[in-house]
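**Student:** First, the structure itself, so that you have it in front of you.
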DNA sequence: TTTGATAATGATAATGATTATCATCATAAT
DNA sequence: ATTATGATGATAATCATTATCATTATCAAA
Ligand SMILES: [Mn+2]
Ligand SMILES: [Mn+2]
Ligand SMILES: [Zn+2]
Ligand SMILES: [Zn+2]
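Okay, structure coming up:
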């Protein structure tokens, strides 16, 4: 897989912050990149444990924070009680359709909606830092 | 205050489900209606405790669930780690601008955004049950 | 009205996700 | 190689919320 770029970004962030590049961090990053997006810390931990059972859950949490801060991951809350993480390298902003039946998450972009949000912000003299639009319902497989 | 209608709704729900109308439930409803929206269970509990110190926190949680199921309250998550509740009687759908500095929450409605969401759902053969659009940033008082 | 069935309450223990603590280990600069 | 310091793994702590359970209150029936 082409995860060279991502590894470089992590190395750069680590160097800049005077942190250390550990075996665990590298392995957790590789595993994270090899998985689907929108995974929880627990799910990543289970996958990591398959090949590196000595890596602890706390380290997975710590590394996920590190990846978020370095721009490789993004934290998301979909209301199921746990934080989920998605890839955030070379990815543009998007929002989500969440199936309440099977948990499937579909991504979408809609520039017009984004633009209308600016309008709302202006109207309220509000300065937008970020936003999230989560649409809950039944995916095409679960409905009927 | 005109909370007669709300009391009736609670009574009806309770009768329908063969539950019981207790002093606690009535007092918690009154207090809830007398407060601003978007409050947490803990905040409501503190307010309730001022006049009825014997009412327990668990009962506040239980009553908030009851109010949600009966259509008098709506649960919301704004990412601060606790569930917040807002009035939901005779209120139409709306979304929120959340100030990350002072915590202020402003409501807005935007029919065009709602319509565009339908478009996205159709495009993905997705059937919408609900959605939330949370816009985070600085309110007019906090920016600059 | 009493009674009796059962739902509700308050105190508190339990839960589950996440974070903090700390002794030990690994990394990287010297 | 040495050494300073950040990282790790195990586990305790935290915090919001839920479950448990003995006791009490409600309400419909008698
Ligand atoms: Mn996504
Ligand atoms: Mn609101
Ligand atoms: Zn589905
Ligand atoms: Zn503000």
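Chains as they are written, first to last, in the working numbering: chain A, 1 to 144; chain B, 145 to 288. Glycine included, each C-beta is placed from N, C-alpha and C at the ideal position.
Let me see if you follow: with CB-CB separation under 8 Å, is residue 97(A) close to chain B or not?
**Tutor:** Interface residue, yes.
**Student:** If the cut is a Cβ gap below 9 Å, which residues of chain B does residue 139(A) touch?
**Tutor:** Those are 268, 269, 270 and 271, listed as they occur along chain B.
**Student:** Would you say residue 171(B) lies against chain A (beta-carbon separation less than 8 Å)?
**Tutor:** Chain A contact via Cβ: absent.
**Student:** Closest to residue 278(B) by CA distance: which of 85(A), 112(A) and 95(A) is it?
**Tutor:** Of the candidates 85(A), 112(A) and 95(A), the one whose C-alpha sits nearest the C-alpha of residue 278(B) is 95(A).
**Student:** Hey, is residue 144(A) close to ligand 3, as in C-beta under 7 Å from one of its heavy atoms?
**Tutor:** Result no, Cβ not under 7 Å from ligand 3.
**Student:** Mind checking residue 137(A): buried by the 16 CB within 10 Å criterion, or exposed?
**Tutor:** Residue 137(A) should be labelled buried.
**Student:** Who are the Cβ neighbours of residue 157(B) in its own chain at under 6 Å, not counting the five residues just before and after it?
**Tutor:** So the qualifying residues of the chain are 214.
**Student:** Distance cutoff 8 Å, beta carbons only. Does residue 3(A) sit that close to anything in chain B?
**Tutor:** So no, residue 3(A) is outside the interface.
**Student:** Should residue 282(B) be listed as close to ligand 4, given that the test is whether its C-beta is under 7 Å from any heavy atom?
**Tutor:** Result yes, Cβ under 7 Å from ligand 4.
**Student:** Are the stretch 95 to 115 of chain A and the stretch 240 to 260 of chain B touching by the rule of at least three beta carbon pairs closer than 8 Å?
**Tutor:** As far as the Cβ criterion goes, the stretch 95 to 115 of chain A touches the stretch 240 to 260 of chain B, which means the pair count is three or higher.
**Student:** Interface residues of chain A around residue 278(B) at Cβ under 7 Å?
**Tutor:** 131 and 132, listed in chain order.
**Student:** Does ligand 2 have a heavy atom nearer than 7 Å to the CB of residue 181(B)?
**Tutor:** Residue 181(B) Cβ: within cutoff of ligand 2.
**Student:** Checking the sheet assignment: what are the DSSP bridge partners for residue 83(A)?
**Tutor:** DSSP lists 77(A) as partners of residue 83(A).
**Student:** Just to check my reading of the structure: residue 360(B) and residue 229(B) have Cβ atoms closer than 8 Å, yes? What is that Cβ distance to the nearest angstrom?
**Tutor:** Here chain B covers residues 145 to 288 and nothing more, so residue 360(B) does not appear.
**Student:** Against chain B, does residue 112(A) count as a neighbour if the rule is that its beta carbon must be under 8 Å from one of theirs?
**Tutor:** Yes, residue 112(A) lies at the interface with chain B (some Cβ there is under 8 Å from its Cβ).
**Student:** Hey, is residue 107(A) close to ligand 1, as in C-beta under 7 Å from one of its heavy atoms?
**Tutor:** At least one heavy atom of ligand 1 is nearer than 7 Å to the Cβ of residue 107(A), so yes.
**Student:** Using the Cβ count rule (16 or more neighbours within 10 Å means buried), how would you classify residue 273(B)?
**Tutor:** Its Cβ having fewer than 16 others within 10 Å, residue 273(B) is exposed.
**Student:** Using a Cβ cut-off of 7 Å, pull out every chain A residue sitting near residue 203(B), in sequence order please.
**Tutor:** Within 7 Å Cβ-Cβ: nothing; residue 203(B) doesn't reach chain A, min ~23 Å.
**Student:** In chain A, which residues lie with their C-beta within 9 Å of the C-beta of residue 249(B)?
**Tutor:** Under the 9 Å cutoff, chain A gives no residues; its nearest Cβ is about 11 Å from residue 249(B).
**Student:** Counting only Cβ-Cβ distances shorter than 8 Å, please list the residues of the stretch 9 to 26 of chain A near chain B, keeping chain order.
**Tutor:** Residues: none.
**Student:** Please tell me whether residue 77(A) has its Cβ less than 8 Å away from any Cβ of chain B.
**Tutor:** Chain B contact via Cβ: present.
**Student:** Could you tell me if the beta carbon of residue 278(B) falls within a distance shorter than 7 Å of some heavy atom in ligand 6?
**Tutor:** Looking for ligand 6 in the displayed structure turns up nothing; the ligands present are ligand 1, ligand 2, ligand 3 and ligand 4.
**Student:** So is the beta-carbon of residue 248(B) under 7 Å away from any non-hydrogen atom of ligand 4?
**Tutor:** Residue 248(B): yes, Cβ under 7 Å from ligand 4.
**Student:** Would you call the CB atoms of residue 101(A) and residue 142(A) closer than 8 Å?
**Tutor:** Cβ atoms of residue 101(A) and residue 142(A): closer than 8 Å.
**Student:** Can you tell which of 146(B), 183(B), 148(B) and 231(B) has the C-alpha that lies nearest to the C-alpha of residue 248(B)?
**Tutor:** The shortest Cα separation from residue 248(B) among 146(B), 183(B), 148(B) and 231(B) belongs to 183(B).
**Student:** So residue 261(B) contacts chain A; which residues on that side make the cut at Cβ distance below 7 Å?
**Tutor:** Simply 135.
**Student:** Are the beta-carbon atoms belonging to residue 269(B) and residue 140(A) less than 8 Å from one another?
**Tutor:** Yes, the Cβ-Cβ distance between residue 269(B) and residue 140(A) is below 8 Å.
**Student:** How far does the beta strand (DSSP E) with residue 127(A) in it reach, from first residue to last?
**Tutor:** It spans 127 to 138 - the beta strand (DSSP E) in which residue 127(A) sits, taken as one unbroken run.
**Student:** Starting from residue 239(B), trace the beta strand (DSSP E) in both directions and tell me its first and last residue.
**Tutor:** Per DSSP, residue 239(B) belongs to the beta strand (DSSP E) from 239 to 243.
**Student:** For ligand 1, any of its heavy atoms closer than 7 Å to the Cβ of residue 114(A)?
**Tutor:** No, the beta carbon of residue 114(A) sits no closer than 7 Å to any heavy atom of ligand 1.
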